[in-house]
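Chains A and B are the protein sequences, given in the same order. Letter 194 of the first sequence, counting from 1, is numbered 194 in the UniProt record's numbering, and no numbers are missing. Letter 186 of the second sequence, counting from 1, is numbered 186 in the UniProt record's numbering, and no numbers are missing.
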Amino acid sequence: MKRITAAMALTATLLASAGFAHAEGELNIYNWGNYTSPEMIKKFEDQYKVKVTITDYDSNDTALAKVRQGGSGFDMVVPSQNYVPIWISEGLLLETDPSKMENFKNVAPEWTETDFDPGRKYTVPWAMGTVGTVVNTDVYKGDINTWGIIFDTPDELKGKVNVVPEMTDVIDAAVLYNGGTKCTGDLTILKKVRDTLVKAKPNWVAMEYGTIEKMGSGDFSASSDWNGSAFRQRLKNPAIHYGYPKEGFVNWSDNLAVLKDAKNVENAKLFQNFMMDPENAGMNSGFHRYANGIAGSDKFMPADMKGAPEIDVPKEFASLGVPSKTCPPEVQELYTKIWTELQK
Amino acid sequence: MPDAAGTIEAEKSRDIRKRWLLSLPALLIILLAASGPLLIVLVYSFLTPGPYGDVQWLPSLEGWISVVMEKDIFDGTFSIADAHVSIFVRSVVLSLVTTILTLLAGFPTAYFIATRPERTRELWLFLITIPFWTNLLIRTFAILEIIRNEGLINGLLLKFDLISGPIQMLFTDGAILTGMVYVYLPLMVLPLYASMEKLDFRLVEAGYDLYATPFKVLRKIVIPLVKPGIIAGSILVFIPALGAYVTPSILGGGKNLMLGNLIELQFGQGRNWPLGSALSITLMLIVMVALLAYVRNAGSQGSRHG
Numbered sequence: 001m002k003r004i005t006a007a008m009a010l011t012a013t014l015l016a017s018a019g020f021a022h023a024e025g026e027l028n029i030y031n032w033g034n035y036t037s038p039e040m041i042k043k044f045e046d047q048y049k050v051k052v053t054i055t056d057y058d059s060n061d062t063a064l065a066k067v068r069q070g071g072s073g074f075d076m077v078v079p080s081q082n083y084v085p086i087w088i089s090e091g092l093l094l095e096t097d098p099s100k101m102e103n104f105k106n107v108a109p110e111w112t113e114t115d116f117d118p119g120r121k122y123t124v125p126w127a128m129g130t131v132g133t134v135v136n137t138d139v140y141k142g143d144i145n146t147w148g149i150i151f152d153t154p155d156e157l158k159g160k161v162n163v164v165p166e167m168t169d170v171i172d173a174a175v176l177y178n179g180g181t182k183c184t185g186d187l188t189i190l191k192k193v194r195d196t197l198v199k200a201k202p203n204w205v206a207m208e209y210g211t212i213e214k215m216g217s218g219d220f221s222a223s224s225d226w227n228g229s230a231f232r233q234r235l236k237n238p239a240i241h242y243g244y245p246k247e248g249f250v251n252w253s254d255n256l257a258v259l260k261d262a263k264n265v266e267n268a269k270l271f272q273n274f275m276m277d278p279e280n281a282g283m284n285s286g287f288h289r290y291a292n293g294i295a296g297s298d299k300f301m302p303a304d305m306k307g308a309p310e311i312d313v314p315k316e317f318a319s320l321g322v323p324s325k326t327c328p329p330e331v332q333e334l335y336t337k338i339w340t341e342l343q344k
Numbered sequence: 001m002p003d004a005a006g007t008i009e010a011e012k013s014r015d016i017r018k019r020w021l022l023s024l025p026a027l028l029i030i031l032l033a034a035s036g037p038l039l040i041v042l043v044y045s046f047l048t049p050g051p052y053g054d055v056q057w058l059p060s061l062e063g064w065i066s067v068v069m070e071k072d073i074f075d076g077t078f079s080i081a082d083a084h085v086s087i088f089v090r091s092v093v094l095s096l097v098t099t100i101l102t103l104l105a106g107f108p109t110a111y112f113i114a115t116r117p118e119r120t121r122e123l124w125l126f127l128i129t130i131p132f133w134t135n136l137l138i139r140t141f142a143i144l145e146i147i148r149n150e151g152l153i154n155g156l157l158l159k160f161d162l163i164s165g166p167i168q169m170l171f172t173d174g175a176i177l178t179g180m181v182y183v184y185l186p187l188m189v190l191p192l193y194a195s196m197e198k199l200d201f202r203l204v205e206a207g208y209d210l211y212a213t214p215f216k217v218l219r220k221i222v223i224p225l226v227k228p229g230i231i232a233g234s235i236l237v238f239i240p241a242l243g244a245y246v247t248p249s250i251l252g253g254g255k256n257l258m259l260g261n262l263i264e265l266q267f268g269q270g271r272n273w274p275l276g277s278a279l280s281i282t283l284m285l286i287v288m289v290a291l292l293a294y295v296r297n298a299g300s301q302g303s304r305h306g
């Protein structure tokens, strides 16, 4: 009996040690889902003998809420630029000073200095893109470079339009469509925005995130969407095109930062530096299909991304982009009220 | 005689003590895992929202007021929060219809199982539980695959030239109801069966012997006797349906908020945790009222048939 117990205890110990056996180090990354190239992670693991674990989140607010409660166990996070100032002011990020890292020289000039992280003291570019429209041009042949696709839906698309339910993106689009500026607190504009949205909604079939699959399968014929997602849809169906709304569209970026309560600070810094290497950034873009802000990384991207209209904003639209930024809390409250009313 | 009574008394109190001791672990878990978080929710509902989510420790009734009242953002007037009210009403109506439909489908099913020979009943019950083996999300996506525009039903209908273009079934109220009924049906069948199993079918025979029509037998004998099962099943379906979140958003396309989505919005993009907490407690109060109605109903039921 005793021997059996001893044997069991031994097995248990062996199992436990096998389960907890780690490489020389660990790194826990908290990132958006479907956004990290497994190949690129493998390369980092092999190069630095570090075991990387990736956990997904689906919105900036989820990530913020979870990390703020403390003890999340994550080392790194990838917030959008409009959230970076919140993360910094709430004291959640560690000042790693990427601008002094070896590979910082590779960061494209337009991304070395930013409003959301002055002097790049916390963050490294991960990916950037735009919010626009996707349309199946087999179904609709007209102009797709307008928010009218969503807010004044042409007859061919009625009942086939989806809207990705990112509250700020949708309301910002309606604000731009009504001639306002992003994060406006102007009630006359917001009233028009509310009316535009309420009037448009009966023509929508859904408000969902899963556009890549449902545009491909024909459940949707048009949607509001991000450019990288649009690119992946065009690869599935060449008739799907991305529109840059002439009323204006939002330019966004997501940025890699280290958390203040990170346990593996050194590995996290290594990873920030690693991500500014053109080869690694290019590899990552080949997976998530967005631009990455690292000069020279296009050499390492798949050939189909070169000159893709979703990735390189065509000249005539480039000036229409407005930067994504944090709306003040009182504007956020107005946005939430309009949003709730839209979905009542 | 007094001695014997005393022994019985002592035996009884020892028995009661033993029962309490045995249920102690469960009570502790309920106390720690249910009451604790609930208390936090209650406290949060009386605080001020932080600028970017979370709460500030300043007492405020704002959260509770905005559950039912809203200040119009355009003309500043106070009125009933019709957005919240219509979302509450939608959730309650959807749950009620789901309950009725599961009852209509579940009653004959349970009756069928209860009237099988004893040996095969277990097999039928076992078949009822099969859907539980698969995750809710996967079952919901399976329905999506069947009813979508290029799904099984539309594919077959198109193939045999019965329709000229796909019928829009996904993202409709019908799709939500189909999903909800499918998901919650077993929760209705099981308590109904438990009641029907105890039903003395000689009473049904007696009814027929006295020339009652089948409908009359159902109405006057079967339904009154299995009423506890009907009520238990209805509660088991109604309550989770009220908070349903996954099924309506996948099959309904998320165009209209349900209570669960409305609460989530406050903790996520809306950044109003006190309002979210107040809404959660309001939902619990609705459930509690439904349960109290049940307890009272069941109580009077007991005395009548006791």
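Virtual Cβ for every residue (Gly too), placed ideally from N, Cα, C. All values reported here derive from a predicted model rather than from experimental measurement.
Buried or exposed: which applies to residue 266 of chain B, given that a residue is buried once 16 or more other Cβ atoms fall within 10 Å of its Cβ?
With 16 or more other Cβ atoms within 10 Å, it is buried.
Does DSSP put residue 248 of chain B in a helix, a strand or coil?
helix
How about residue 328 of chain A and residue 142 of chain A: are their beta carbons less than 9 angstroms apart?
no
Are any of the Cβ atoms in chain A nearer than 9 angstroms to that of residue 56 of chain B?
no
When the Cα atoms are used, what is the spatial distance from residue 225 of chain A to residue 131 of chain A?
6 angstroms
Can you list, in chain order, the residues of its chain whose CB lies under 7 angstroms from that of residue 259 of chain A, leaving out five sequence neighbours each side?
67, 74, 75, 76, 77, 92, 93 and 94
DSSP on residue 223 of chain A, reduced to helix/strand/coil?
strand
Distance, residue 269 of chain B Cα to residue 189 of chain A Cα
21 angstroms
Cβ neighbours of residue 276 of chain B in the same chain (closer than 6 angstroms, five flanking residues each side left out)
263, 266 and 267
Is residue 197 of chain A close to chain B, meaning its C-beta is less than 9 angstroms from at least one C-beta of that chain?
no
Residue of A:180, A:107, A:288 and A:167 minimising C-alpha distance to residue 343 of chain A:
A:167
Enumerate in chain order the residues of its own chain whose CB-to-CB distance from residue 33 of chain A is below 8 angstroms, with the five nearest sequence positions on each side excluded.
56, 57 and 58
Would you please state the rounded distance, in angstroms, between the beta carbons of residue 313 of chain A and residue 307 of chain A? I believe it to be under 8 angstroms.
Wrong, their Cβ atoms sit about 12 angstroms apart, outside the cutoff.
Enumerate in chain order the residues of its own chain whose CB-to-CB distance from residue 220 of chain B is below 8 angstroms, with the five nearest sequence positions on each side excluded.
Excluding positions up to five away in sequence, the list reads 207 and 212.
Residue closest to residue 214 of chain A, alpha-carbon to alpha-carbon, out of A:237, A:65, A:203 and A:198:
Closest in alpha carbon position to residue 214 of chain A, among A:237, A:65, A:203 and A:198, is A:237.
What are the boundary residues of the beta strand (DSSP E) that residue 71 of chain B is part of?
For residue 71 of chain B, the enclosing beta strand (DSSP E) stretches over residues 69-71.
Closest to residue 251 of chain B by CA distance: which of A:199, A:233, A:278 and A:219 is it?
Distances from the alpha-carbon of residue 251 of chain B to those of A:199, A:233, A:278 and A:219 put A:219 closest.
Using 9 angstroms as the threshold, is the C-beta distance between residue 199 of chain B and residue 114 of chain B below it?
yes
Bridge-paired residues (DSSP) for residue 356 of chain A:
Residue 356 of chain A falls outside the range modelled here, since chain A spans only 1 to 344, and no answer is possible.
Between the alpha carbons of residue 114 of chain A and residue 104 of chain A, how many angstroms are there, rounded?
14 angstroms
Could you please tell me which residues of the region 206-232 of chain A, in chain order, have their CB closer than 7 angstroms to any CB of chain B?
206, 207, 208, 217, 218 and 219
Output the boundary residues of the beta strand (DSSP E) element that contains residue 160 of chain B.
Per DSSP, residue 160 of chain B belongs to no beta strand (DSSP E) and is neither H nor E.
Whole angstroms is fine: what's the gap from residue 44 of chain B's alpha carbon to residue 117 of chain A's?
32 angstroms
For residue 253 of chain A and residue 292 of chain A, the rounded distance between their alpha carbons:
Between residue 292 of chain A and residue 253 of chain A, the C-alpha separation is close to 9 angstroms.
Any C-beta of chain A sitting closer than 9 angstroms to the C-beta of residue 51 of chain B?
yes
Which residues mark the beginning and the end of the beta strand (DSSP E) in which residue 26 of chain A is found?
25-32
On a CA-only basis, which of B:118, B:187, B:100 and B:170 is nearest residue 132 of chain B? Give me that one, please.
Here the closest residue by C-alpha is B:187.
For residue 184 of chain B and residue 52 of chain B, I'd like the C-alpha separation in whole angstroms.
37 angstroms
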